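Quick note: the sequence shown uses this note's numbering, first residue 1, plus one each step. For glycine and all other residues, C-beta sits at the position ideal for the given N, C-alpha and C. Please read these numbers as outputs of a predicted model, since none were measured by experiment. This report refers to the structure that appears directly beneath it.
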Amino acid sequence: MDERAAVPCRRIPDGALEPADPTPGMSRQMAEHSEGMWTGTVDTEPGAVTGWHHHGDHETTLYIVSGTFRLESGPGGAEVVEARPGDFVRVPAGAVHRESNPGRQPSRAVIVRCGSGAPTVNVDGPAVDRA
């Protein structure tokens, strides 16, 4: 039998999350970071717009818990995705983007990242059209 079969499941309570990966305009909290996976939450205040960033080699999926979550990406930041509670948002590895909250209530998302290296890399601006 695989030795992993005996490893028990565990709970990480909300109060145990730690501040992580600062990007201006948002507050990330890390639940766990192990080889190959990062999990946590991100909170964005109403009217906030974050700095441009990417997640290196990490593939990222967000589940929107509350509020409005807006994401700009692509050349010049021209591609816009707006998500609400119950929606999932997919951010490919290396995709330069920024989030904002155009709503009146704080937004919260649960984050799962799979990959290696630095989970967040802040950059000066959006991707450039190379065409």
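Compare the Cα-Cα distances from residue i to each of the options and report the closest residue.
i       : options                         : result
Gly-98  : Gly-25, Cys-9, Ala-5, Arg-4     : The sequence given here places Arg at residue 98; Gly does not occur at that position. Of the candidates Gly-25, Cys-9, Ala-5, Arg-4, the one whose C-alpha sits nearest the C-alpha of Arg-98 is Gly-25.
Val-81  : Arg-70, Arg-90, Pro-75          : Arg-70
Ser-73  : Arg-90, Gly-67, Ile-64          : Arg-90
Gly-36  : Glu-59, Ala-6, Cys-9, Pro-8     : Glu-59
Ala-118 : Arg-4, Thr-50, His-55, Thr-39   : His-55
His-33  : Pro-13, Arg-113, Val-65, Phe-88 : Arg-113
Ile-111 : Val-49, Met-1, Val-7, Leu-17    : Leu-17
Val-123 : Arg-84, Trp-52, Glu-79          : Trp-52
Val-96  : Pro-106, Asp-87, Gly-125        : Gly-125
Pro-75  : Ala-127, Gly-94, Phe-88, Gly-40 : Ala-127
Between which two residues does the beta strand (DSSP E) carrying residue i extend?
i       : result
Ile-111 : 107-114
Thr-61  : 59-66
Met-26  : 26-34
Asp-87  : Asp-87 -> no beta strand (DSSP E), and no H or E assigned at all.
Report the partner residues of residue i according to the DSSP bridge assignment.
i       : result
Asn-122 : His-53
Met-1   : Partner(s): none; Met-1 has no beta bridge.
Gly-40  : Met-30, Ile-111
Am I right that residue i and residue j are in contact with their C-beta atoms under 8 Å? What's the rounded C-beta distance?
i      : j       : result
Asp-43 : Thr-120 : At roughly 15 Å, the Cβ-Cβ gap does not stay under 8 Å, so Asp-43 and Thr-120 are not in contact.
Pro-85 : Val-65  : 6 Å
Decide if residue i is buried, meaning its Cβ has at least 16 other Cβ atoms within 10 Å, or exposed.
i       : result
Arg-130 : exposed
Arg-104 : exposed
Arg-108 : buried
Ile-12  : exposed
Ser-116 : exposed
Gly-15  : exposed
Arg-28  : buried
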